[in-house]
Amino acid sequence: MSEVQYKVAKTVREAASLMAAAKGKGRILAGGTDLLVQMKAGVVTPGVIIDVKKIAEMTTIVETKGSFRIGAATAAAVIGEHKKLKKAWPGVVEAINLIGSTQVQGRASAGGNLCNASPAADSVPALVAAGAVVSIQGPKGKRQVPVEKFNSGPGKTTLKPGEIVVSLTLPRRPPKSGDAYLRLIPRTEMDIAVVGCGVSLTMKGDTCVSARVSLGAVAPTVLLVEGAAKALTGSKLDAKALDAAAKACSAVCRPIDDKRGTIRYRTKIAGVLLKRAAEIAKDRANGIARQGH
Amino acid sequence: MARIHVTTTINGQPTEFLCDANQTLLDVLRDQLGLTGSKEGCGSGDCGACSVTIDGRLVCSCLVLAPETEGAKIGTIEGLASGEKLHPLQKKFVEFAALQCGICTPGFLIASKALLERNPDPTETEVRYWLAGNLCRCTGYDKIVRAVLDVAAEMKETAK
């Protein structure tokens, strides 16, 4: 007979105190698409499984003055069906909707994708480019941290004992803004990114006035690429600016070398995806509908 | 340790069961409730053979803990036909030979039904992407995709 306990938390505070009381043996159950697989593989053996899907704050999307708060355990399929969110942040929603199959989408969440801390997580680069902020509840209260500072390595987060991720907040969009996330996989569906790239930018006339660029699967954590953002900002996103930004992307890559992609290949592709994602984000900022991923 | 008492509705029938904290819904369906139509392929959410719906949402029952389904409405392959009368998808799968060994078939049927409920007139690409999480090692998928598209076409014809 297993020793594991299953508990349903009704509030964020209750979830955090259950987590603290579990003394490192607690695991948050959002969609479970990583947790259950890891439990079966024997990689994790929780003492207490804390289900947070009965907590409204963690399973809903709330818009306040143009800013969106996405509950950390909101199913990807629910996020994909949110028309206003999709209109404001098509790149973020498309990235979240790339996680796994239709079945996995019915359960998997952005909070779970973040806490699983894979360097190749699809939603994370898009959230980093978007400037999303993670809301965390712990035994000592709440704190917030930018998404790019949340993970510390493959499978590792900066959560302290007893802390849980409650929600992700996307900032209000200035007019003429657009975002995009592209990933490279050897097949068309159901695969893990060899490289992922997120771009979010704002245009004024035909000039890019602000940009954020991120890369996934090319370093131990998802990277915010400030050099690439600098190359795009103030430019008309012409070939010269895109080349410079692509170079900045390749320059920060520290990828692994494996059967799915060599170091050289991943480093080159990072720049290629940046150019393509920037074009899509620009068109979207200009109100031109573009197929993303 | 005390087992957990769960009350659900499965294929419209109020159902109660006892389970362990770490038992999956698939294990309870198959081993305790005798609903063996849902298959265990991979047990890790990759193959879709265990597909069911929970409150109308398509999921892999191998990636759901049984206690999570308290108060939920679960739909399994056993609820597809009404008595002897096959669901149009089941009929079409037989007609198009969209199955060979049959292990993946319950999952494909549940997933296809969930698709047509949301999108009654899908394109071939939409069908293929929707069903990307259901693996079949026999048919090569083409017959399955055609069967689903044909059901959709028939539904459209009937609606006229």
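Order-wise, the sequence lines are chains A and B.
Using this note's numbering, the final residue of the first sequence is 1211, and nothing's skipped along the way.
Using this note's numbering, the final residue of the second sequence is 447, and nothing's skipped along the way.
Ideal Cβ placement from N, Cα and C applies to all residues, glycine included.
For clarity, every value in this text was computed on a predicted model and none was experimentally measured.
Buried or exposed (CB count within 10 angstroms, at least 16 for buried), residue i
| i | result |
| --- | --- |
| B/L396 | buried |
| B/L305 | exposed |
| A/C1167 | buried |
| A/S1095 | buried |
| A/I967 | buried |
| A/E1012 | buried |
| A/G1210 | buried |
| A/D969 | buried |
| B/S369 | exposed |
| A/K1200 | buried |
| B/A384 | exposed |
| A/A1157 | exposed |
| A/V1022 | buried |
| B/I297 | buried |
Own chain residues within Cβ distance below 7 Å of residue i, not counting five before or after
| i | result |
| --- | --- |
| B/G420 | G335 |
| A/F1068 | L1032, V1052, T1075, T1076 |
| A/A940 | G965, V966 |
| A/A1056 | As written in the sequence, residue 1056 of chain A is Gly, which differs from the Ala given in the question. Excluding positions up to five away in sequence, the list reads A934, K1078, G1080, E1081. |
| A/K1193 | L1160, A1164 |
Selected residue, minimal CA-CA separation from residue i, among the options
| i | options | result |
| --- | --- | --- |
| A/A1147 | A/A1135, A/G1189, A/P1037 | A/G1189 |
| A/A1196 | A/D1175, A/A1169, A/K1177, A/A1159 | A/A1159 |
| B/D307 | A/M976, A/Q1062, A/G1009, A/E921 | A/E921 |
| A/G984 | A/I973, A/L1133, A/T977, A/K1002 | A/K1002 |
| B/T412 | B/Q387, B/V432, B/L373 | B/V432 |
| A/P1064 | A/A959, A/A1169, A/V1136, A/V1140 | A/V1140 |
| A/V955 | B/C347, B/V315, B/V435 | B/C347 |
| A/A1164 | A/V962, A/A959, A/L1191 | A/L1191 |
| A/R1101 | A/L1133, A/A1035, A/K1060 | A/L1133 |
| B/L422 | B/L322, B/P301, B/D333 | B/D333 |
| A/G962 | A/I946, A/T977, A/K972 | For clarity, residue 962 of chain A is Val in the given sequence; the question names Gly instead. A/V962 has its Cα closest to that of A/I946, out of A/I946, A/T977, A/K972. |
| B/G299 | B/K378, B/E365, B/C388, B/P409 | B/E365 |
Contact set for residue i: own chain, Cβ-Cβ below 8 Å, skip 5 residues either direction
| i | result |
| --- | --- |
| A/A1028 | I988, A990, T992, A994, I997, I1014, S1041, L1045, L1086 |
| A/M919 | Because the pLDDT of A/M919 is 43, which lies under 50, any placement of that residue in the model is unreliable, and the number read from its coordinates should be weighed accordingly. If we look at A/M919 and ignore the five residues flanking it on each side, it has no Cβ neighbours. |
Same chain only: Cβ atoms within 6 Å of residue i, ignoring 5 sequence neighbours per side
| i | result |
| --- | --- |
| B/H374 | L367, A368 |
| A/A1162 | A1149 |
| B/Q310 | A353 |
| B/R344 | none |
| A/G1179 | V1112 |
Closer than 7 Å, Cβ to any Cβ of chain A: which residues of the region 325 to 347 of chain B, in chain order? Within the region 325 to 347 of chain B, the residues whose Cβ lies closer than 7 Å to some Cβ of chain A are G330, S331, G332, G335, S338, R344, L345, V346, C347, listed in chain order.
For the region 387 to 409 of chain B, list every residue whose C-beta sits within 7 Å of some C-beta in chain A, in sequence order. Cβ contacts with chain A come from A398.
Inter-stretch contact at 8 Å, needing at least 3 Cβ pairs: the region 1077 to 1087 of chain A / the region 1109 to 1123 of chain A: Result no; under three Cβ-Cβ pairs closer than 8 Å.
Closer than 8 Å is the cut-off here; do at least three beta carbon pairs connect the region 291 to 299 of chain B with the region 1178 to 1185 of chain A? Counting C-beta pairs with one atom in each stretch, the region 291 to 299 of chain B and the region 1178 to 1185 of chain A have fewer than three that are closer than 8 Å, which means they do not touch.
With three or more C-beta pairs closer than 8 Å as the rule, is the region 358 to 372 of chain B touching the region 402 to 413 of chain B? Two segments are said to touch when three or more pairs of C-beta atoms, one from each, lie closer than 8 Å; by this definition the region 402 to 413 of chain B does not touch the region 358 to 372 of chain B.
Inter-stretch contact at 8 Å, needing at least 3 Cβ pairs: the region 1057 to 1073 of chain A / the region 1008 to 1026 of chain A: Output reads no: the region 1008 to 1026 of chain A does not touch the region 1057 to 1073 of chain A.
Cβ-based contacts, 9 Å cut-off: residues of the region 1139 to 1151 of chain A near chain B: Along the region 1139 to 1151 of chain A, none of the residues has a CB nearer than 9 Å to a CB of chain B.
Could you please tell me which residues of the region 417 to 429 of chain B, in chain order, have their CB closer than 7 Å to any CB of chain A? For the region 417 to 429 of chain B, which is checked against every Cβ of chain A, the residues closer than 7 Å are W417, A419, G420.
Contact set between the region 303 to 314 of chain B and chain A, restricted to residues whose Cβ is under 8 Å from the partner: Under the 8 Å Cβ criterion, the region 303 to 314 of chain B contributes D307, A308, N309, T311.
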